[in-house]
Amino acid sequence: MNFETLINQNDATIKLVIEYEFPDKRCVGGKYVPSTNSIFLFEHDIEIQCRHMFGSLEHLDSYRWIVFGHELGHALDPELSFLSKKLEETGDAYYLYKIEENAWNIAEDLLSFVERGIFQKVRQESLAVHTKKVQNIS
Numbered sequence: 039m040n041f042e043t044l045i046n047q048n049d050a051t052i053k054l055v056i057e058y059e060f061p062d063k064r065c066v067g068g069k070y071v072p073s074t075n076s077i078f079l080f081e082h083d084i085e086i087q088c089r090h091m092f093g094s095l096e097h098l099d100s101y102r103w104i105v106f107g108h109e110l111g112h113a114l115d116p117e118l119s120f121l122s123k124k125l126e127e128t129g130d131a132y133y134l135y136k137i138e139e140n141a142w143n144i145a146e147d148l149l150s151f152v153e154r155g156i157f158q159k160v161r162q163e164s165l166a167v168h169t170k171k172v173q174n175i176s
């Protein structure tokens, strides 16, 4: 299994672009761009994030799959357009949380071959930021 195979099994119109690093100072492992239906992965940033989360690159292959799966989750989310529009209109952090949660739920279904403990750790860390924002607003 490779990234292209998983894309083709779900939506062959999605483009995958792999670059060395995110073109900004932020450390971004992946990004989905709806306007071009493209998933971008940033290899160096993925390595930095993996090392930060696990203390080594021992789980790099799984981590790479998780970042990819999350971005593919955004691409396959039938609610993304609606939720993005609501987020833009209201600025309500709840919509950002739902966007992220949906992507994680889809990724979990797609990545059954990735060790659950590793997947859950990454998911929880990612969603924790958004959960705090929603709780602060409520």
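Whatever position you read off the sequence shown (first residue = 1), add 38 for our numbering.
Every residue, glycine too, gets a C-beta built ideally from N, C-alpha and C.
Which residues mark the beginning and the end of the alpha helix (DSSP H) in which residue i is found?
| i | result |
| --- | --- |
| Glu-139 | 131-148 |
| Leu-114 | 98-114 |
| Thr-128 | 118-128 |
Express the C-alpha separation of residue j and residue i in angstroms, rounding to a whole number.
| i | j | result |
| --- | --- | --- |
| Pro-61 | Glu-153 | 30 angstroms |
| Leu-54 | Thr-128 | 31 angstroms |
| Glu-146 | Arg-102 | 14 angstroms |
| Asn-46 | Val-167 | 31 angstroms |
| Val-66 | Gly-107 | 15 angstroms |
| Gln-87 | Ser-164 | 11 angstroms |
| His-90 | Arg-161 | 15 angstroms |
| Leu-220 | Lys-159 | Nothing can be reported for residue 220: it is not among the residues displayed for the chain, which extend from 39 to 176. |
Taking 8 angstroms as the limit between beta carbons, can you name the residues of its chain near residue i, skipping five residues before and five after?
| i | result |
| --- | --- |
| Glu-109 | Gly-68, Lys-69, Tyr-70, Ile-77, Phe-78, Leu-79 and Ala-141 |
Assign residue i to one of two classes, buried (16 or more other C-beta atoms within 10 Å of its C-beta) or exposed (fewer than that).
| i | result |
| --- | --- |
| Tyr-58 | exposed |
| His-112 | buried |
| Met-39 | exposed |
| Glu-138 | buried |
Compute every distance between the C-beta of residue i and the non-hydrogen atoms of the ligand SAH, then say whether any falls below 8 angstroms.
| i | result |
| --- | --- |
| Gly-68 | As far as ligands go, the structure on display features none, and thus does not contain the ligand SAH. |
Along the chain, where does the beta strand (DSSP E) that runs through residue i open and close?
| i | result |
| --- | --- |
| Val-152 | Premise fails: Val-152 is in no beta strand (DSSP E) and is neither H nor E. |
| Ile-86 | That residue, Ile-86, is in no beta strand (DSSP E); its alpha helix (DSSP H) goes 81-92. |
| Lys-63 | First-last for Lys-63: undefined, no H or E at that position. |
| Ile-45 | First-last for Ile-45: 41-48, but that is the alpha helix (DSSP H), not the beta strand (DSSP E). |
| Glu-57 | 53-57 |
Which residues in the same chain as residue i place their Cβ atom closer than 7 angstroms to its Cβ, once the five residues preceding and following it in sequence are excluded?
| i | result |
| --- | --- |
| Val-105 | Gly-67, Gly-68, Leu-79 and Ile-84 |
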